Every structure is written in structure tokens, then in C-alpha cells.
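Residue 77 in this note's numbering sits at position 57 of the sequence shown, and the numbers go up by one each step.
Take a look at the structure set out below.
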Amino acid sequence: MRLQRLTRNPAISAATNEFHSWEFPNTSQGVSKIKIKICGEEFMSKLLDRRWTLPSPDSKIHQVTLSTLQTRNGGGPFGDISFLNNTHPSLGDDVMENNNQEPSFYVVRDDLLHPLVNGNKARKLDALLPLVEDHSVTDVVTCGGCQSAHAAAVAVSCAERGLKSHLLLRGEQPEILTGYNLISTIYGNVTYVPRSLYSKREEMLMRHADLVAGSSGSIVWFSDILEASFTNQEYGKLNFKSMDAHRSAGKVPRKVVIVNEGAGDAVGLLGVIRLVQYLSQTHLLGKEKALKIVVDAGTGTTGCWFGSWSHMFRASLGNNCGYAG
């Protein structure tokens, strides 16, 4: 195995020094410190001008309205509160006008994006998968718990693209395969790892990637892939065609990429940025109304990225974006 680093463009590297830097803190999942550099709307436009997994960032938006029941027996399980789901709510200017009406909240139905790859998992892989394809990656190594939705999403996505996924799952193999564990086993190559070894994630991932790559293969880091994608947007398209030709001839040496637990790589942030930019359009949630974003958390990367977005791009959101998780 050889560790491959992509050649950096000196002009691009010099230019990025002028951008403002934001550093993500280390997390318990072993995500390394990553600096994201931004420079206004022009850079954001360039950042999002790429090939995506999802054909569109669109997602259905539902509005749930809370109202008080007029009952004598105390109402249902939520007391006197009832919930009404509006699947076709009025958005845009009507979002501002709803302030004086009954309390409500909006639900972004990302669970409808794909039968098996949906929610924040789909958003994290939105920019990641095209980069995997564009750089001739043949194998993807990642890890998660026994019922990891992330591992299952990677397995399904790789299978759809003719890539091999290698999933390191924490703990022992269950007697009966169910849920995401069953999906991971159907679509990917699963290896169960004792908890004592799993606790050293980086070492575990590197060792397994080394085994997958073999003596003639290579391992490439996503941080280098992401920077290389800025140097030449056409590179990916040309390389993708070349990769297909080599695959047909069976001459591709193994090129392995490691995806951190929970897709905690910087490229996963791009899908979240794309989603927030979509939601902040004037005809949807807009930029004027104060928003509190509530997300559930597993590894915490999605929540971290939403919080970082509201901090770094507050001006783009009209200085009105709050975050709760």
C-alpha cells in the first residue's frame, strides 16, 4: 500500500490564504481539526458549483400547528394540545405573517429523499459520493455501531455506483440480523470489531484500509480530494470517464478512501450548506424570520455543522438563525 497525496495547486493554495478561516473542534468521534475558508458569496457560489448526488436540494416542507382542545376530560396523551399537519403550507411571505397565529413549526421531510439513504445521511453524502467517483476510488472504508444508519447509507450508495464498501461495525455479530445491520450486510462487506479495538478508530480504519489496498493499491485522504476539486472542476468529469474505461478492462488498482464515523469529513458539510441555502430562499423559509433549527444527534456532526453554519454565515441568513440540538 502507498499513501497518496494529490498535488496541490500553488495558486489556489496562495489564494485560499486570503479567506477567513474557521476551525472545527475535535470531537469524541476522532474527527480531526479542519479549517474551512470562506470569502463571501462569490466563494460560496464556487464552493457549491459541483456535481451532487441528489439531483436537487429540494425537500418537502410540512407545517405542524399546535392548538388547544376544548375538552373536559383532559384531552389525549399531550393533554389539551392537538397537532395538525399541513402537507402543503403557505411559505415565503406567509411565514412572516404567521407570527400572530397559533404556534407552529416546520418539518423538512428529508426522510423522503430515498428509500434507504435519507435524512442527514443523504445530505452528508451529497457532495462526498461524486468526489469518490471523480477520483477513481474503488473501495470505501468506514465504521459505525452495529445498527449504524451511516454505515448502511454508505453501503447502499456504494452498491448503487459499483463501488465496494467495507464496514467496520462495533461489537459482536447479532444472532438475528435486523434493521440497518441487515441492510449493511446485504449491500456491504461487514467486519465486526471488538470494542477495545474500535475505541482507537483512526488506527483501526487505517489498518483495514491498508489490508483492502494491498501492496499495489493506495489510500487517498478526503481533505486532499476536496482541495483538488477546487483547482479544476473539469478534472472530475474527465477522470470519471477514464475510470469507467479502465473498470471495463479490469485494470484498476485499488484506490481506497476512508470516510470517518458518521461521515464526519469536511466534504459532508457541503451537503448541509446546500440544504440551508435552499431553505433560505425567499419563497420558502426566507432570511428575514428568526429561525431555531432543531436536529437529532448521533455522532453529532450534523448538529455541529448546522451550528457552524449559523455562526459563519449569519449574514447570509439575515442574522436571524439560531440553533438547538
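Positions of the beta carbon are idealized from the N, C-alpha and C atoms, including for glycine.
For clarity, every value in this text was computed on a predicted model and none was experimentally measured.
Quick check: the stretch 159-170 against the stretch 194-211, are there 3 or more CB pairs under 8 Å?
-> Because the criterion of three Cβ pairs below 8 Å is met, the stretch 159-170 and the stretch 194-211 touch.
Kindly give me the distance between the Cβ atoms of VAL176 and VAL137, rounded to whole angstroms, as I take these residues to be in contact under 8 Å.
-> As a first step, residue 176 must be located in the sequence shown, where it is residue number 156. As a first step, residue 137 must be located in the sequence shown, where it is residue number 117. Contact holds; Cβ gap of about 5 Å.
Separation of VAL232 from ALA7, as counted between CA atoms = In the structure as shown, the chain begins at 21 and stops at 345. Residue 7 is therefore absent and cannot be evaluated.
Grouping DSSP H, G and I as helix and E and B as strand, with all else coil, what is SER65?
-> Looking up residue 65 in the sequence shown gives position 45. Of the three classes helix, strand and coil, the one that applies to SER65 here is helix, per DSSP.
How about GLY323: is its Cβ closer than 8 Å to a heavy atom in the ligand FMN?
-> Summarising the ligand content, the structure contains no ligands, and the ligand FMN is consequently not present.
Use the C-beta contact count for ARG294: other C-beta atoms within 10 angstroms, 16 or more gives buried, fewer gives exposed.
-> Counting from one through the sequence shown, the residue named residue 294 turns up at place 274. ARG294 should be labelled buried.
Just the Cα atoms here: how many angstroms apart are HIS170 and GLY282?
-> If you number the sequence shown from 1, residue 170 lands on position 150. If you number the sequence shown from 1, residue 282 lands on position 262. Going by C-alpha positions, HIS170 is about 6 Å away from GLY282.
How would you call HIS303, buried or exposed, if buried means at least 16 neighbouring beta carbons within 10 angstroms?
-> The residue given as residue 303 occupies position 283 in the sequence shown. That one is exposed.
Does the stretch 68-83 touch the stretch 102-115, meaning 3 or more C-beta pairs lie closer than 8 Å?
-> Yes, since at least three Cβ pairs between the stretch 102-115 and the stretch 68-83 fall closer than 8 Å, the two stretches touch.
Are there 16 or more other CB atoms within 10 angstroms of the CB of LEU258, so buried, or fewer, so exposed?
-> For the purposes of this step, residue 258 is taken as the residue at position 238 of the sequence shown. Residue placement at LEU258 is poorly supported in this model, since its pLDDT is 39, which falls under 50; the coordinates are not used for a value here.
Which partner residues does ASP159 have in the DSSP bridge list?
-> Indexing the sequence shown from 1 puts residue 159 at position 139. According to DSSP, ASP159 bridges with LYS184, VAL276.
Taking the Cβ atom as the reference point for each residue, do LEU145 and LEU246 lie within a distance shorter than 9 Å?
-> If you number the sequence shown from 1, residue 145 lands on position 125. If you number the sequence shown from 1, residue 246 lands on position 226. For LEU145 and LEU246, no; Cβs fall outside 9 Å.
So is VAL314 buried or exposed if we call it buried at 16+ other beta carbons inside 10 Å?
-> For the purposes of this step, residue 314 is identified with residue 294 of the sequence shown, where counting begins at 1. A residue is called buried when at least 16 other Cβ atoms come within 10 angstroms of its Cβ; VAL314 does not meet this threshold and is exposed.
Just the Cα atoms here: how many angstroms apart are ILE196 and LYS66?
-> Mapped onto the sequence shown, residue 196 falls at position 176. Mapped onto the sequence shown, residue 66 falls at position 46. Rounded to whole angstroms, ILE196 and LYS66 show a C-alpha spacing of 47 Å.
Have a look at VAL272, PRO135, LEU217, TYR218 and flag the residue whose alpha-carbon is nearest the alpha-carbon of GLY234.
-> By 1-based counting over the sequence shown, the position of residue 234 is 214. From the listed residues VAL272, PRO135, LEU217, TYR218, the smallest Cα separation to GLY234 is found for VAL272.
With a CB to CB cut of under 7 Å and the five nearest residues on each side skipped, what residues in its chain are close to ALA212?
-> Here residue 212 refers to the residue found at position 192 of the sequence shown. Correcting the residue type first, residue 212 is Tyr in the shown sequence and not Ala. Contacts found: LEU189, GLY191, GLU192, GLN193.
Determine the DSSP secondary structure at THR73, reduced to helix, strand or coil.
-> Sequence index remark: in the sequence shown, residue 73 carries index 53 (1-based). THR73 falls in the coil class under three-state DSSP.
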